[in-house]
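Visitor: This structure is in C-alpha cells; I'll ask about it shortly.
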Amino acid sequence: MAKDNTLFTYLLRLADDHLILSQRLGEWTGRAPTLEEDLALTNIALDLIGQARSLYSYAGAVEGQGRDEDQLAFTRPERDYLNALIVEQPNGDFAHTIVRQFFIAAFMVPFWREMEKSDDEQLAAIAAKASKEVAYHLRHTAEWVVRLGDGTEESHQRMVEALEGLIIYTGELFENDAIAKAAIAGGYGVDTEALRDEWRQTVVQVLGEATLELPNAGYMQKGGRDGVHTEHLGHILSELQYMQRAYPGLTW
Amino acid sequence: MAKDNTLFTYLLRLADDHLILSQRLGEWTGRAPTLEEDLALTNIALDLIGQARSLYSYAGAVEGQGRDEDQLAFTRPERDYLNALIVEQPNGDFAHTIVRQFFIAAFMVPFWREMEKSDDEQLAAIAAKASKEVAYHLRHTAEWVVRLGDGTEESHQRMVEALEGLIIYTGELFENDAIAKAAIAGGYGVDTEALRDEWRQTVVQVLGEATLELPNAGYMQKGGRDGVHTEHLGHILSELQYMQRAYPGLTW
Amino acid sequence: EAFLAAFQERIDAEQKIEPNDPMPEGYRKTLIRQISQHAHSEIIGMQPEGNWISRAPSLRRKAALMAKVQDEGGHGLYLYSAAETLGISREEMYDQLLSGAAKYSSIFNYPALTWADIGAIGWLVDGAAIMNQIALCRCSYGPYARAMIRICKEESFHQRQGYEILITLCNGSDEQKEMAQDALNRFWWPSLMMFGPSEGQSVHSQQSMLWKIKRFSNDDLRDKFINATVPQAEFLGLKVPDLELKWNEEKQGYDHGEIDWDEFWRVVKGDGPCNRERMRTRRRVEAEGAWVREAAHAYAQKRADRQAAARVAAE
Amino acid sequence: EAFLAAFQERIDAEQKIEPNDPMPEGYRKTLIRQISQHAHSEIIGMQPEGNWISRAPSLRRKAALMAKVQDEGGHGLYLYSAAETLGISREEMYDQLLSGAAKYSSIFNYPALTWADIGAIGWLVDGAAIMNQIALCRCSYGPYARAMIRICKEESFHQRQGYEILITLCNGSDEQKEMAQDALNRFWWPSLMMFGPSEGQSVHSQQSMLWKIKRFSNDDLRDKFINATVPQAEFLGLKVPDLELKWNEEKQGYDHGEIDWDEFWRVVKGDGPCNRERMRTRRRVEAEGAWVREAAHAYAQKRADRQAAARVAAE
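Residue numbers (this note's numbering), protein chains in the order written: chain W, 1 to 252; chain G, 1001 to 1252; chain Z, 2001 to 2315; chain Y, 3001 to 3315.
The structure is reproduced here in C-alpha cells:
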C-alpha cells in the first residue's frame, strides 16, 4: 500500500510533466515560424501526450480506484498537479520554447535510459519507447539551439534571455526528495541527482557550439513536485479542463 | 409566459453584453499604459459588472426557475451566451480597447436614455442608473480617441487599424430582430434601429476632432444574439467559468 | 497550334503530364492557381481545429486532433511542393496568400465554436474535400495526382474520425446530441458551398474538364456528397437542416433546397465570420517567425562559408 | 547643528513636518526611500490579485476583487504624490523600480495559486500591512501621515473582505476548507516576514525612531499582528502552521517558532518564486504603454501650441 502510494505519486509527477509540456507545445500547432517546424513541434507534443497517456493509465491501475487517464489528467485541482515548474513556463518566443525543450530533453534522455533498467516492468517498457522519442527531441532542439545561438545578433540575444529566464527551473528536475528516494530504494525510480553532470555536459557542449554560455543559476526554484506552482498553471488548467469540468462524467 | 420568455432573453442579451465586456476590461487591471488609466478602465469595468448583476438578477426573477445571477453568468454553455460579437473581441492594443469601448458607449448612451422610458419599471430603474455611468464612459473614451487620433503618427495609425478592425461588429448593436421587435411592441424594449443616426453623428463628430474617419463598414458581422459567436468567446468562458465549473454548486 | 493538339492528344490518351514536359501556359497557370489555393486551404484550415487543441475533452481526442492538424500542415507541404514543380516558389505563393491575392477554401472562414464542430468539420468538410480530391487523383498532372492519392488516404481517416466523434456525441447525453445537431445545422450549408456554384457554360470550367484537371462538374460532386452524407446523418439520428431535402426515386438521388449563393460570394470576398481573423493570425505568425527564419538562414550561410574556407585551407 | 536640534525639537513636540519646511537631508532621503518603496509595493501588489480577476468565482467577488486591485492602484497614486512633495518625480521613482534599484514588499513575490489565496492575502497580507500603517498614521511627515490615514481605512475594509472570503470557505465544503488551510499554510510565514528582521541595535532604525518616521520596532509590530491573528485563525477553525506557537501567560502574548530569514533575504534579493515574473510583467506593461503616453504627450503639446497660437491671433 505504501509502496503503491509512492509509485502512484511518482507516476503522476512524470505524467503531469508530459501532459503540461505537450499542452504548451500544442499552442504552437499552426503557429510555428516555418511549416516544417510546425510539424516537428507537433510531433514532439504527440510523443509527450502518448507518454502521458501510458503513465496516467498505469497510475490509475496502481491507484486501484477506477480512475482512468482522463480523470487523472483533467479533473484534479491545481494543487494536486505535480509537474516540475519548467514545463508550465510560457512558450514565450521561439527561443524560449526551444531552450525549455532542450533543457528538458537533455534531462529526459538519460532519465529514460536509466529507467529502462527499472525493476518495474511497465515503467521499463514505457522508458524503452520514450528513449527513442526523446533522442529525436534532443537532436532537434540542439540543432535549433546552435542555429539560433550562432544565427543573427537578434537570435543570439533572444537565446541569452531564454537561457537566463529558464535556467532557474532546471534544478528541480534533479532533486531527489522523499518520494524520489523511496522510488529509488524501491528499485523502480531513477536517481536524478546522478544525472546532473551528464546533463550539464550535454548542455554546455551544445551551447558551446552555439556560441552561448550556460548562465550561472543561483537559487533554483522548486515547488511543482509538491503542487506549489507558478501562476501560469492555473490558466493552463482552465483551458485544459474546460470540457471535462463543464460536462462532468461524459464520454467523448 | 411568452412575454416572460421574450423579456428573459432580452435581459440575458443585455446582461451578457455587460459581463463579457467587463471581463475583457478586467484584463487591463494592473496593466494599463498609465496608473490613472488603470483606475479609469477598472471603473468602467466595475460599472459594467454592476449593470450585469442587476440584469442577471432580474432575468433570474423573470425566468422564475430559481437561477441566481451567478448561475446565469457562469454555468451556461457557450451557445447560450447572447452578447453582441463586439464585446468579446480581444483587447488588442490600447487603441483597440478604446475604440471598442467608444463604439459601445456611443451606443449605450442613447440606449439607456430611451430605456429610461420603458414600461418595465425595473428596466427603467436600471437604465436611470446606467445612464449616468455610460455618460462618463463616452466622455472618457472620446477624450482618448481624440488624443490618440491626433497624437503621434504611430497612435494615429493604430487608431485607423482599430477602427477598421471593429467597425464590422457595430451593425449588430442596432438590429431589431424578432426578440427586439417583440420587446419594443411589449413597451419595454428600445428601438435600436432608431438610434443609428445619433450614434453615427456622435462617432463621426469625435473622430473628426481626432483627425480620423469612420471607415466604410461593408458587410456587418452578426450572430451573437443567436449565440453564434467568434472563436474568442470560448476562451473567455474557460477562464470566466473555471471555478463554478470545477466546484459546482458551492458558495463563495 | 500543333503543340496544343499534341498536348490534348496526350491528355485524351490519359497520359500523365510531368514537370519537365512541355505544357500550355494556361494549363500551367490553372494548375498553379488550383494547387496553391488547395495548399493555402490546408494551412488556413489548421486554425479552426487548432483552436480546440487546448480544450479537447480527452487525451485520446487531443492526440488525434493534434495529429490531424499536423496532417493538414503536411498536406500543405506536399501541395506547395507539387506547385513548385510548375515553377513557382513557396515564398511567392505565401506572399499571394498573405496579400489576399490568392484564395483558400471559404469553409475555413466559419468558426469552430464547440467540440461537436470538430466532429462536423471532419465528417462534412473533409467529406466534401474528399469528393473533390478523389476526382483529382486522376488529374492529368502527375505530381498533383500523386499528392492527391496520398492526401486522400489521410483525409478518409480524418473523415471517419470526425464521424466517430459525432457517433460518440449522438450516443451520449442530451446536451451532447444537441451539440451535434447544432454543429450539423451550422456546417451543412457551408459544406455544400465547398463544391462551388453551378458552372453553367463557364468556359474556364470547360477548359479544365478538357485538360482533365477537373473531371466532374461542381453540381455532380455536390450531389454525390449529399447522397453519401444524408444516410450518415440519419444513422446519427440527426436532422439535415434543409426542409426541401427529399429522395428523388427517378434520379436515385436527393433533391435539395436552394443554396444561399449570396452568402457564398460574401464569404469568398472577405466578409465571412472569420476571414479577417484568419488572415490576421497568419500574418502575425509570419511576422513573429521572421527572426527565426532569418537566423536559420544566417546560420546556414555562415556554415557554408566556413566549410568553403576549410576546403580552401585544406587544398 | 542648531538646525538639527531645532528640527528634533519640532519632532519631539509632535509637530508635523510639511513639504516646504526645512528638513535634514537624511530625513528626506529616508522618507523618499520608504514612501516610494511603499508605493511600488502597491503597484506590484496588483499582480497576484489581478491574476484572479478573470476567474473569480462569483460576480460579487469579481467586482470586489476588481475594486480592491483598483484601490491598490489608487494607494500607489497617493503615495507617489506624497513622495513627490519631497522633490522626486514619479518617473524617477518608476525608473528605480524597473531598474531594480528600488525594492517593494517581498510578499508580492509569492504566487496567488488558488481562490483561497485571495482571501489569505486580504486577511494576512493586508492585516500585516495595516499593523505597519496604523503606526505610520502618526508619522512625523504630514503628507505621508495623511495618506496613511486614508489608506488605512481602505485596507481595513480589504482585510475584512479577505477574512470574509475565508469564513465562507471554512463554512463550505471539505475542498473549500482544505483550500483555506492550504492558503494559510503558504501565506503565514511570509506574512510574518513582512515586518522585517529583528533590528537589534541598527543605527538606521534608531534614527527613524528618533525622527518618528517609525514608532514601533519590527518585532513589536509582528507580535501585535500574531496576537491579533491567531484567534482569528481559531475562529475559522484553521491551524496556524507553527508547531512552536503557544500562548505565553506571562507576556500575555504568543511565542512563535523561528522565522526562516534565509528565505526572507533570498526573496528580497530577487530569488523568490515570482520576482522575475513580477518585474517582467511590469516592464512589459511599461514598454507596451509607451506609445500611448507619447501620444498623450504629443497631443497635449499640440493643444497647448494651438491655444497659444489662438491667443496670439486674438491679440
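All C-beta atoms, glycine included, are put in the ideal place defined by N, C-alpha and C.
Should residue 2049 (chain Z) go down as buried or exposed, given a rule of 16 or more other Cβ atoms within 10 Å for buried?
Guide: Residue 2049 (chain Z) is buried by the Cβ-count criterion.
Visitor: Looking only at DSSP bridge pairs, what is residue 2247 (chain Z) linked to?
Guide: Answer is Z:2254.
Visitor: One question on the structure: do residue 56 (chain W) and residue 15 (chain W) come within less than 8 Å of each other, judged by their Cβ atoms?
Guide: Going by C-beta atoms, residue 56 (chain W) is nearer than 8 Å to residue 15 (chain W).
Visitor: According to the Cβ coordinates, are residue 1025 (chain G) and residue 1096 (chain G) closer than 8 Å?
Guide: Not closer than 8 Å, so no.
Visitor: Can you find the residues in the same chain that come closer than 6 Å, C-beta to C-beta, to residue 1062 (chain G), ignoring five residues on each side of it along the sequence?
Guide: For residue 1062 (chain G), where only same-chain residues beyond five positions count, the Cβ hits under 6 Å are 1004, 1007, 1008.
Visitor: Tell me whether residue 3091 (chain Y) is buried or exposed, calling it buried when 16 or more other Cβ atoms sit within 10 Å of its Cβ.
Guide: Exposed, by the Cβ-count rule.
Visitor: Does DSSP classify residue 1219 (chain G) as helix, strand or coil?
Guide: Three-state DSSP puts residue 1219 (chain G) in coil, outside helix and strand.
Visitor: In terms of residue numbering, what span does the alpha helix (DSSP H) encompassing residue 31 (chain W) cover?
Guide: Premise fails: residue 31 (chain W) is in no alpha helix (DSSP H) and is neither H nor E.
Visitor: Starting from the beta carbon of residue 1219 (chain G), find every residue of chain Z whose beta carbon is closer than 7 Å, and list them in chain order.
Guide: Per Cβ cutoff of 7 Å: 2266, 2271.
Visitor: Give the secondary structure of residue 2017 (chain Z) by DSSP, where H, G and I count as helix, E and B as strand, and everything else as coil.
Guide: Residue 2017 (chain Z) falls in the strand class under three-state DSSP.
Visitor: Between residue 3143 (chain Y) and residue 3082 (chain Y), which are expected to be in contact by the criterion C-beta below 8 Å, what is the C-beta distance as a whole number of angstroms?
Guide: That pair is a contact at about 4 Å.
Visitor: Is the beta carbon of residue 84 (chain W) closer than 8 Å to that of residue 173 (chain W)?
Guide: Yes, the pair counts as a contact, with Cβ atoms nearer than the cut-off.
Visitor: Just verifying my parser: in three-state terms, what is the DSSP assignment at residue 1247 (chain G)?
Guide: In the structure shown, residue 1247 (chain G) sits in coil (DSSP, three-state: anything other than H, G, I, E or B).
Visitor: Please confirm if the stretch 147–163 of chain W is in contact with the stretch 106–120 of chain W, defined as three or more CB-CB distances below 8 Å between the two stretches.
Guide: Flag = no, the stretch 147–163 of chain W and the stretch 106–120 of chain W do not touch.
Visitor: Can you tell me whether residue 3041 (chain Y) is buried or exposed? The criterion is at least 16 other CB atoms within 10 Å of its CB, across all chains shown.
Guide: When all chains shown are included, residue 3041 (chain Y) counts as buried.
Visitor: Return helix, strand or coil for residue 1058 (chain G), following the three-state DSSP convention.
Guide: The answer is helix: DSSP assigns residue 1058 (chain G) an H, G or I state.
Visitor: Relative to the C-alpha of residue 1215 (chain G), which candidate in G:1222, G:1183, G:1203 has its C-alpha closest?
Guide: The residue with the shortest Cα to Cα distance from residue 1215 (chain G) is G:1203.
Visitor: Alpha carbon to alpha carbon, how far is residue 238 (chain W) from residue 91 (chain W)? Give it in angstroms, no decimals.
Guide: Using only the alpha carbons, I get a separation of about 17 Å.
Visitor: Closer than 8 Å by beta-carbon distance: list the chain Z residues that pair up with residue 1230 (chain G), in chain order.
Guide: Under the 8 Å cutoff, chain Z gives 2111, 2273, 2274, 2277.
Visitor: Helix, strand or coil: which one does DSSP assign to residue 1136 (chain G)?
Guide: It is helical.
Visitor: To the nearest angstrom, how far is it from the Cα of residue 1012 (chain G) to the Cα of residue 1059 (chain G)?
Guide: About 6 Å.
Visitor: Could you tell me the alpha carbon to alpha carbon distance between residue 3237 (chain Y) and residue 3124 (chain Y), rounded to whole angstroms?
Guide: Residue 3237 (chain Y) and residue 3124 (chain Y): Cα-Cα distance of roughly 16 Å.
Visitor: Could you check what DSSP says for residue 3027 (chain Y) in three-state terms: helix, strand or coil?
Guide: Of the three classes helix, strand and coil, the one that applies to residue 3027 (chain Y) here is helix, per DSSP.
Visitor: Inspect the CB distances between the stretch 1193–1210 of chain G and the stretch 1137–1149 of chain G and report whether three or more fall short of 8 Å.
Guide: Touching, yes.
Visitor: Going by C-alpha to C-alpha distance, which of Y:3253, Y:3106, Y:3304 sits closest to residue 3269 (chain Y)?
Guide: The shortest Cα separation from residue 3269 (chain Y) among Y:3253, Y:3106, Y:3304 belongs to Y:3106.
Visitor: Assign residue 2248 (chain Z) to one of two classes, buried (16 or more other C-beta atoms within 10 Å of its C-beta) or exposed (fewer than that).
Guide: Under this definition residue 2248 (chain Z) is an exposed residue.
Visitor: Determine the direct distance from the alpha carbon of residue 2225 (chain Z) to that of residue 136 (chain W), and round the result to whole angstroms.
Guide: One C-alpha to the other measures close to 42 Å.
Visitor: Counting C-beta neighbours from all protein chains within 10 Å, is the total for residue 18 (chain W) 16 or more, i.e. buried, or is it exposed?
Guide: Per the 10 Å Cβ criterion, buried.
Visitor: Of all the options Y:3163, Y:3196, Y:3078, which has the alpha carbon lying nearest to the alpha carbon of residue 3146 (chain Y)?
Guide: Out of Y:3163, Y:3196, Y:3078, Y:3078 has the C-alpha closest to the C-alpha of residue 3146 (chain Y).
Visitor: Just to make sure I have the definition right: I need the residues of chain G whose C-beta is within less than 7 Å of the C-beta of residue 2283 (chain Z). Which are they?
Guide: The contacting residues do not exist; residue 2283 (chain Z) stays about 12 Å from chain G at best.
Visitor: Ends of the alpha helix (DSSP H) at residue 1202 (chain G)?
Guide: Segment 1196–1209, the alpha helix (DSSP H) holding residue 1202 (chain G).
Visitor: Return the CA-CA distance between residue 3310 (chain Y) and residue 3116 (chain Y), expressed in angstroms with no decimal places.
Guide: Each residue's alpha carbon lies about 59 Å from the other.
Visitor: To which residues of the same chain is residue 1187 (chain G) closer than 8 Å at the C-beta, ignoring the five residues directly before and after it?
Guide: Around residue 1187 (chain G): 1118, 1119, 1120.
Visitor: Determine, using beta carbons only, whether residue 2299 (chain Z) comes closer than 8 Å to chain W.
Guide: Yes, its Cβ sits closer than 8 Å to a Cβ of chain W.
Visitor: Go ahead and pull the three-state DSSP assignment for residue 2110 (chain Z).
Guide: Looking at residue 2110 (chain Z) - three-state DSSP - the assignment turns out to be coil, as it is neither helix nor strand.
Visitor: Against chain W, does residue 3061 (chain Y) count as a neighbour if the rule is that its beta carbon must be under 8 Å from one of theirs?
Guide: It does not: the Cβ of residue 3061 (chain Y) has no partner Cβ on chain W nearer than 8 Å.
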